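Protein chains: 2
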Amino acid sequence: MGTVSKALELLDYFTKARPLIGLSDIARLADLNKATCFRLLTELAENGFVEQVGTSREYRLGPSVLRLAALREAQVPTRDAAMPVLQALAQQTGETAHLSLLIADILRPLAHAYSAAHATKVMLEDTETLPFHATSSGLAVLAFQPEAFRNVVLAKPLAQLTSTTLTSPTALRARIAEVRGLGYAESRGGYESDVHSMAVPLFDALGRCSGALAVAALGTRMGEAQRRMIRHALLQAGTEITTLWGGTLPADIATLWRLAA
Amino acid sequence: MGTVSKALELLDYFTKARPLIGLSDIARLADLNKATCFRLLTELAENGFVEQVGTSREYRLGPSVLRLAALREAQVPTRDAAMPVLQALAQQTGETAHLSLLIADILRPLAHAYSAAHATKVMLEDTETLPFHATSSGLAVLAFQPEAFRNVVLAKPLAQLTSTTLTSPTALRARIAEVRGLGYAESRGGYESDVHSMAVPLFDALGRCSGALAVAALGTRMGEAQRRMIRHALLQAGTEITTLWGGTLPADIATLWRLAA
DNA sequence: GGCTTTCGGTTTGTTATTTGAACCGATGGT
DNA sequence: ACCATCGGTTCAAATAACAAACCGAAAGCC
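For the record, the sequence lines run as chains A and B. Numbering that gives the first Met the number 0 applies: residue 0 is where the first sequence begins, and numbers increase by one. Numbering that gives the first Met the number 0 applies: residue 0 is where the second sequence begins, and numbers increase by one.
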């Protein structure tokens, strides 16, 4: 792996749950030599990608990312365009809605919206990466990726996160084929045992699946009626976001969604 | 300069005016060997910081920056917190308001807001970097930086952008001292000949000046009454943003602003 | 059609940067 | 007083970056 990737990877260790990281910590996390890590961080800091805060000299993300994100949003309005739809989806379903993007072969949550409808809701503050095999978003994305991508993902070790997590590649392939046939994915406690979720894939201008839109609810609230209502809202919101992104639904998905709605 | 800095610098060549750049172009811009540039871009692309678009294989900023910016905003609400104030400032003054941040010793515009009050207004879409010596924002920031920083900036060649641009370091030092005495800066056509602007410095939690807030108007509209009105609005908005950032106005500035308001 | 330029991308031997272990002094807990 | 750990530094050894030349494809241009 090149030096640049190592430096960029350091940025990934910053999360909502861990916004400040010291030199030694980040070196351990990234499994890098402290000297190397120091040099990388210094260079990132010189360019405003991280900054040192207070007397403890811990690092946090710097202001440079703001400018770049503003620029990216100006060119490809991803987050800003999807936010209102996401909020409406949460409102409408009374559950937690979230949007993830496939970035560098990893599925990362980009934004989420809560509903005030219930006192209990699914929180997902500090999730850094969504496992493909154990979340509805992951399955939805996986179902619409090239076969090669699926092979890579399913070849890796698949963590048994709950008692119901599917971890057998062959069983997963069956699930995924099913998802492709339905046009949406569902996960019943595969990630956290009392959380059920449904997700639809999102598509970019070239018809490639570039992310997923999901609604996560407490399993105890997920009856058949609720499931139907959420599916309906999801398909609608998924169409909307894909359109806002200037994306095109593959014809077969469009048909599936029309029928399922 | 290290490899990481070179890679990160490539990201700076993307602007609103030039959102897509080809390999050869960016190599020329950055004055790098094409092979080097290719390797850097490939690594940036692997990490989602840039992506290749369409058949021309040009590069643009990637989705990774979105996630990082969302994280940064969650920790240090800079842009999101300032936006409403910025918009109110534009509305209130009837002119163009903009906010810049000092990033890696360069002053970069981060956000701006227009007013609908006049058919003619100052547009600033594709400004990449604000020259310290020729803009009110630059002067405002410069006035509240350590002496060492000023020396570095004033030692560089200073471009004569209009007929009224100050370029003599001694004259600029006098202007800057004046700005420090007033607590705000003004530029009359120093950047573009028919644009007048006023700016106030913004401060972070440690009392360091980390950016500037400015209002830019057509010179023909900048009478004494207008100038007084804009100054008043700027001082108020500047106080507000600094507070929102969890920043502290240095005591002397606070006093100056109270008197000037 | 054929000539030339420029594009994105690759290959190569040489060169310069990155790396890792050991080492600082400072700090804080026991 | 001690020990562990912090952020940061040093320097020889290993590795990755570099420049130049090259490739096939596409786009002007005659």
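Built from N, CA and C at the ideal position, the CB exists for glycine as well. Just so it is clear, the structure is predicted and the values come from calculations on it, not from any experiment.
### Query
Do Ala213 of chain B and Ser136 of chain B have their C-beta atoms closer together than 8 Å?
yes
### Query
Taking the alpha-carbon positions, what's the Thr163 of chain A to Thr169 of chain A distance?
15 Å
### Task
Enumerate in chain order the residues of its own chain whose CB-to-CB distance from Ala198 of chain B is below 6 Å, with the five nearest sequence positions on each side excluded.
Ser135, Ser136, Ala139, Ala184, Ala211, Ala213
#### Entry: Host beta strand (DSSP E) of Glu185 of chain A (start-end)
184-187
### Query
Between the stretch 146-175 of chain A and chain B, which residues of the former have CB atoms less than 8 Å from a CB of the latter, in chain order?
none
### Query
From Leu88 of chain B to Ala236 of chain B, what distance separates their C-alpha atoms?
7 Å
### For Gly180 of chain B, the first and last residue of its enclosing beta strand (DSSP E)
It is not in any beta strand (DSSP E) - Gly180 of chain B instead sits in the alpha helix (DSSP H) that spans 168-181.
### Query
What is the C-beta distance between Leu60 of chain A and Arg71 of chain B, in whole angstroms, given that I count them as a contact (C-beta under 8 Å)?
4 Å
### Message
Just to confirm my understanding: we take Leu28 of chain A, look at its own chain, exclude 5 residues before and 5 after, and list those with CB closer than 6 Å. What are they?
### Response
Tyr12
### Task
Please confirm whether Leu43 of chain A and Lys5 of chain A have their CB atoms less than 8 Å apart.
no
### Nearest-angstrom Cα separation, counted from Thr41 of chain B out to Met0 of chain A
12 Å
### Task
Have a look at Glu50 of chain B and Met82 of chain A and give me their C-alpha separation to the nearest angstrom.
22 Å
### Other residues of its chain near Gly47 of chain B: CB distance less than 6 Å, five sequence neighbours each side excluded
Gly61, Pro62, Ser63
### Message
Closest to Gly245 of chain A by C-alpha separation, out of A:Thr219, A:Leu201, A:Ile252, A:Gln159, would be which residue?
### Response
A:Leu201
### Task
Determine the contact status of Val84 of chain B and Ile240 of chain B, defining contact as a CB-CB distance below 8 Å.
yes
### Query
What first and last residue would you give for the beta strand (DSSP E) that runs through Thr95 of chain A?
95-102
### Query
Taking Cβ-Cβ distances shorter than 8 Å, what residues in chain A pair up with Gly47 of chain B?
Ile102, Ala103
#### Entry: Proximal residues to Leu205 of chain A (C-beta, below 7 Å), its chain only, five neighbours per side dropped
none
### Message
Within the continuous beta strand (DSSP E) that includes His272 of chain B, where are the two ends?
### Response
Absent from the structure is residue 272 of chain B, since the part of chain B shown begins at 0 and ends at 260.
### Task
Name, going along the chain, the residues of the stretch 17-47 of chain A whose beta-carbon falls closer than 9 Å to a beta-carbon of chain B.
Pro18, Leu19, Arg38, Leu39, Thr41, Glu42, Leu43, Ala44, Glu45, Asn46, Gly47
### Message
To the nearest angstrom, how far is the alpha carbon of Cys208 of chain A from that of Gly180 of chain B?
### Response
57 Å
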